[in-house]
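Per the numbering used here, residue 142 is the first one in the sequence shown, and the count goes up by one each step. Here a beta-carbon is modelled for each residue, glycine too, at the ideal position from N, C-alpha and C. Please read all numbers here as calculations on a predicted model, not as lab measurements. Notes follow the structure.
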Amino acid sequence: MKNYVDFMTARFKAAGYKITPQRIAVFRFLDGNKSHPTAEDIFAALRREYPNISYTTVYNILKSMLRIGGIQELVIDRERIHYDPNTSLHHHALCIKCGKIIDVIMPVKTLKLPGKISAQFIPTSFQIYFYGKCRDCEIKDAKEK
Ligand SMILES: [Zn+2]
Ligand SMILES: [Zn+2]
Numbered sequence: 142m143k144n145y146v147d148f149m150t151a152r153f154k155a156a157g158y159k160i161t162p163q164r165i166a167v168f169r170f171l172d173g174n175k176s177h178p179t180a181e182d183i184f185a186a187l188r189r190e191y192p193n194i195s196y197t198t199v200y201n202i203l204k205s206m207l208r209i210g211g212i213q214e215l216v217i218d219r220e221r222i223h224y225d226p227n228t229s230l231h232h233h234a235l236c237i238k239c240g241k242i243i244d245v246i247m248p249v250k251t252l253k254l255p256g257k258i259s260a261q262f263i264p265t266s267f268q269i270y271f272y273g274k275c276r277d278c279e280i281k282d283a284k285e286k
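So, in structure tokens, the structure goes:
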């Protein structure tokens with residue numbers, strides 16, 4: 142992707158949305174962002190620069206981005222929804238100790254369903270969530286022992 146901010150701006154305009162400074166701020170925050178932030182993370186980061194921005198505004202911008210396309214929602218963490226500006230097919234791994242989410246790029250493009258299920262269902266996409274412990278947490282735990 143060349144420029145995420147331009148890309149999202151064009152998509153919003155095409156969908157008939159106004160381009161507000163808050164929307165640009167969210168696009169800019171997500172540009173190349175691999176940290177899979179939550180709406181709370183984005184709100185906390187942006188309120189320093191935009192003291193008038195509200196959590197609801199950030200949340201609504203994310204919902205519009207989901208509707209228009211250009212972001213994906215991760216439901217890897219039961220407590221909070223995370224957002225990813227990378228909408229290409231990739232998977233995720235969550236560290237259950239520190240909550241870090243890392244991208245998992247795998248060459249798998251399709252998964253075959255067992256015969257009985259594929260007779261009733263045609264999959265168009267899939268998403269794998271891995272759960273475990275990141276290397277940093279693993280090292281920390283080893284030191285504490
Ligand atoms: Zn960790
Ligand atoms: Zn990702």
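- Residue selection by CB proximity (closer than 7 Å to any heavy atom of ligand 1) returns CYS236, LYS238, CYS239, LYS241, LYS274, CYS275, ASP277, CYS278 in chain order.
- Between TYR200 and PHE168, the gap from beta carbon to beta carbon reaches 8 Å or more.
- Here DSSP, grouped into helix, strand and coil, assigns GLN213 to strand.
- Cβ atoms of GLU190 and ALA166 come within 8 Å of each other, at about 7 Å.
- Here GLY173 carries a coil assignment [DSSP, helix/strand/coil].
- Taking each of ALA260, CYS278, GLY273, VAL249 in turn and checking the Cα distance to SER266, the smallest one comes out for VAL249.
- Residue state for LEU230 is assigned as coil, using DSSP reduced to three classes.
- When DSSP states are grouped into helix, strand and coil, ASP277 belongs to the helix group.
- No Cβ-Cβ contact shorter than 8 Å links TYR224 with PRO264.
- As a beta-bridge residue in DSSP terms, TYR224 pairs with GLU214.
- In the three-state reduction of the DSSP assignment, ILE269 falls in the coil class, being assigned neither a helical nor a strand state.
- For ILE258, the uninterrupted alpha helix (DSSP H) segment begins and ends at 256-259.
- A straight-line Cα-Cα distance of about 29 Å links ILE194 and ASP244.
- DSSP, read as helix, strand or coil, puts LEU252 in coil.
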